[in-house]
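K.L.:
These protein sequence lines map, in sequence, to chains C and S.
Using numbering that gives the first Met the number 0, the letters of the first sequence map in sequence onto residues 0 to 321.
Using numbering that gives the first Met the number 0, the letters of the second sequence map in sequence onto residues 0 to 321.
Below are the structure tokens for one structure; questions will follow.
Protein chains: 2
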Amino acid sequence: MSRFVPSLQLLPRVLAGEVPAIARLLSRAEAGLPECREALARAYERAGKAHVIGITGVPGSGKSTLVAVLVARLRGAGHKVGIIAVDPSSPWSGGSIMGDRIRMSDLASDQGVFIRSMATRGAVGGVARATLDAVDVLDAAGFQDVIVETVGVGQDEVEIAHASHTTVVVSAPGLGDDVQAIKAGILEIADVHVVSKCDRPDAGRTLADLEAMLALGSSLAARPEWQPPVVATSSVTGAGVEDLAAALARHKAHLDGSEAGRLRARRIAEFRILKHAEDLLRRRFRERHAGRVDALADRLLARRISPHAAGEELLDGAATGS
Amino acid sequence: MSRFVPSLQLLPRVLAGEVPAIARLLSRAEAGLPECREALARAYERAGKAHVIGITGVPGSGKSTLVAVLVARLRGAGHKVGIIAVDPSSPWSGGSIMGDRIRMSDLASDQGVFIRSMATRGAVGGVARATLDAVDVLDAAGFQDVIVETVGVGQDEVEIAHASHTTVVVSAPGLGDDVQAIKAGILEIADVHVVSKCDRPDAGRTLADLEAMLALGSSLAARPEWQPPVVATSSVTGAGVEDLAAALARHKAHLDGSEAGRLRARRIAEFRILKHAEDLLRRRFRERHAGRVDALADRLLARRISPHAAGEELLDGAATGS
């Protein structure tokens, strides 16, 4: 369609917050094009100002609707907000949520909101690597809040939501037992808990159950400096959205300049380094070492080498480039 | 509790199918203990006979109940069956499913059935690596069928279900829109489709919708040699279980000795090599390179290096062991 503009040439427009330039750079980052690496490195240098908020919850917890309501609230405070949705069930790729009440097109036509839906499968390289590169770009482009929404099932997906400054775990009334069981596994990563759909009559029970689970857990958890609050919200009545915004601001203030914030940043940095190394490993596996991989696979299929030993040979060869 | 028996010493008992020995070796494999690597390599040499069946579906699709019914059917044919559940919502770790109808304890007390629930988070190393090592052990121990059940959400979880000889994707009536949207993303990996809960009045609609989606997709898919069948089952009435067992046997026969089977085995082998290499990378990252990681994280946090360049340094250093 349009002429190919090198990523480094796009960068000034990205840093100025121009949406078309941002969209193009993000597409290249998601595709893992080597051409955009230098631009991503420059964006990373400029990043570090945004509040990165991970929002996760099981399917049906209403997290996309919550995100929409939260974004409207943050926009009201004058913030530019970026949204990266890593969720095959997310409605962000088009259409409306909550019928006529909140139309995605309202947000999508707002120049202060940038929405990006990331593929969870088939992405070149890991989705964690690609998502966090996208966070850098939006951060460097001047978005004060960057929201990363992931489905709260799956190892990668949960880790991505946790690789943020503030992680919000969304629960909701009326979900099945098996979904509730999945939920139990992600509660521990929450800095802020939300129980959504609190206009429903059965929400009180969900709130009470959550409080009980947290009371059990808090005797074990050694986080005296931050007790994750529980916020009850309703996207229908708008209840709790102010409380959620306040809880996010309080958690951000808790991290700013503190030891907790320093440890959090370090954990995210280590996660990113590992994810980039894994991405490179996969890439070299596919691109540079096709012949070696074939030979290793042959030996593995003939049961002349174990999977572990084959993995070791691959890793050692992938790095030296032999 | 009991004396530590080296894994190589356990191996003859594992190969003889002794359940306590199998359980101990699997625990060590899951923990990624270097001590058990040689035993796993020997188990891998002996493996390759079992039919590995991946069963996946969104939460609420009734896949655990389906597995229980299928296992009862396979046991009726005299097969020893291993089950590895990679699903935080799986009931296999205890309790009953379907109330009194099928009690896990019935299967659990059957020496011809081995059930293992794998942690999806917090496992040392990747869950894909650990799960496929466990498949080898059960295969080498003489289980004719090894069923790997995963929740059909999450990149790793879906890939694990697909790293099998026959992948079954379970759909069900009565699930929410967002769950259905997730389902759409996993249909493409199915060798056999199951629509469970077909005793429900709304099951006909689910079946029709699935057939319509598949008809759309099949014009694009280039798999003339195998058209994934759709099997309607009910764990309440037992309907369709024979059809499912027949479809599994037919797909196994389709792979045996064919080019399709050869390509499938090669894809699984390549996946395993990559997952072992990733596992090693993570391990070396944590264990051998703590100092290097600290230094890289410091530089990353100071924005003196990009995440990509830090990942590259880690990968190259991890392999050479420097």
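Glycine residues also receive a C-beta, built at the ideal position from the N, C-alpha and C atoms.
Predicted model, so just to flag it, every value in this text is computed and none were measured.
Compare the C-beta of C/D155 against all C-beta atoms of chain S and say whether one is closer than 9 angstroms.
P.N.:
yes
K.L.:
In the region 154-217 of chain C, which residue ranges form an unbroken alpha helix (DSSP H) of at least 4 residues, counting only runs that do not cross its ends?
P.N.:
154-161, 176-183 and 202-217
K.L.:
Could you say which of S/R45, S/L300 and S/A171 lies nearest to C/A301 if we only look at CA atoms?
P.N.:
Of S/R45, S/L300 and S/A171, the residue nearest in Cα terms is S/R45.
K.L.:
Taking any Cβ of chain S, which residues in the region 295-313 of chain C have a Cβ under 8 angstroms from it, in chain order?
P.N.:
Within the region 295-313 of chain C, the residues whose Cβ lies closer than 8 angstroms to any Cβ of chain S are, in chain order, L295, A296, L299, L300, R302, S305, P306, H307, A308, A309, G310, E311 and L313.
K.L.:
Does the distance from the C-beta atom of S/L254 to that of S/R263 stay below 9 angstroms?
P.N.:
Pairing S/L254 with S/R263 gives a Cβ-Cβ distance under 9 angstroms.
K.L.:
Using 8 angstroms as the cut-off, can you tell me whether the region 154-162 of chain C makes contact with the region 184-192 of chain C, which would need three or more C-beta pairs spanning the two stretches below that distance?
P.N.:
yes
K.L.:
Would you kindly report the start and end of the unbroken alpha helix (DSSP H) that includes S/H253?
P.N.:
V240 to L254
K.L.:
How is C/E148 classed by DSSP in three states: helix, strand or coil?
P.N.:
strand
K.L.:
Is S/T130 helix, strand or coil when you go by DSSP?
P.N.:
helix
K.L.:
Is the beta carbon of S/V193 less than 9 angstroms from the beta carbon of S/V167?
P.N.:
yes
K.L.:
Cβ closer than 8 angstroms: which chain C residues qualify as neighbours of S/D278?
P.N.:
G310
K.L.:
Can you give me the Cβ contacts of C/I82 inside the same chain, cut-off strictly under 6 angstroms, excluding the 5 residues immediately before and after it?
P.N.:
I114 and I146
K.L.:
Might you give, ordered along the chain, the residues of its own chain that have their beta carbon closer than 8 angstroms to the beta carbon of S/V112, omitting 5 neighbours on each side?
P.N.:
V70, R74, K79, V80, G81, I82 and L106
K.L.:
So, for S/D242: in the same chain, excluding its five sequence neighbours on each side, which residues have a beta-carbon less than 7 angstroms away from its beta-carbon?
P.N.:
V230
K.L.:
Less than 9 angstroms separating the beta-carbons of S/D138 and C/P306?
P.N.:
no
K.L.:
Let me confirm a value: C/F3 is counted as buried when at least 16 other C-beta atoms fall within 10 Å, else exposed. Which label applies?
P.N.:
Exposed, since its Cβ has fewer than 16 Cβ neighbours within 10 Å.
K.L.:
Starting from the N-terminal side, write out each stretch of the alpha helix (DSSP H) that is 4 residues or longer and does not extend beyond the region 1-78 of chain S.
P.N.:
6-14, 18-30, 36-45 and 62-75
K.L.:
Would S/D208 count as contacting chain C if we go by Cβ distances under 9 angstroms?
P.N.:
no
K.L.:
Got a sec, what are the start and stop residues for the beta strand (DSSP E) S/G81 sits in?
P.N.:
V80 to V85
K.L.:
Hey, how far is the Cα of C/G141 from the Cα of C/T130?
P.N.:
17 angstroms
K.L.:
Measure the C-alpha to C-alpha separation of S/R285 and C/A259 and round it to an integer number of angstroms.
P.N.:
21 angstroms
K.L.:
Please report the distance separating the alpha-carbon of S/A353 from that of S/D208.
P.N.:
Here chain S covers residues 0 to 321 and nothing more, so residue 353 of chain S does not appear.
K.L.:
Would you kindly check if the distance between the Cβ of S/L24 and the Cβ of S/V136 is under 9 angstroms?
P.N.:
yes
K.L.:
Can you check which of these residues, S/H250, S/A276, S/S26 and S/V68, is closest to C/A308 by C-alpha distance?
P.N.:
S/A276
K.L.:
Pull out every residue of the region 252-272 of chain C whose Cβ sits closer than 7 angstroms to any Cβ of chain S, in chain order.
P.N.:
A264, R265, A268, E269, R271 and I272
K.L.:
Less than 9 angstroms between CB atoms is the rule here; does S/H275 satisfy it with respect to chain C?
P.N.:
Closer than 9 angstroms: yes.
K.L.:
Going along chain C, which residues have a C-beta under 7 angstroms from S/L39?
P.N.:
Ordered by position in chain C, the residues that pass the 7 angstroms Cβ test against S/L39 are S305 and H307.
K.L.:
In the DSSP output, what is C/A229 paired with across the bridge?
P.N.:
The question names Ala, but residue 229 of chain C in the sequence shown is Val. C/H192, per the DSSP bridge assignment.
K.L.:
Suppose you measure from the CA of C/S163 to the CA of C/V51; what does that come to, to the nearest Å?
P.N.:
5 angstroms
K.L.:
Please confirm whether C/G237 has its beta-carbon closer than 9 angstroms to some beta-carbon of chain D.
P.N.:
Given the protein chain composition of this structure (C and S), no chain D is represented.
K.L.:
What residue does the beta strand (DSSP E) around S/R115 start on, and which one ends it?
P.N.:
V112 to S116
K.L.:
Looking only at its own chain, which residues have a Cβ that is under 8 angstroms from the Cβ of S/A76, when we skip the five neighbours before and after it?
P.N.:
A244
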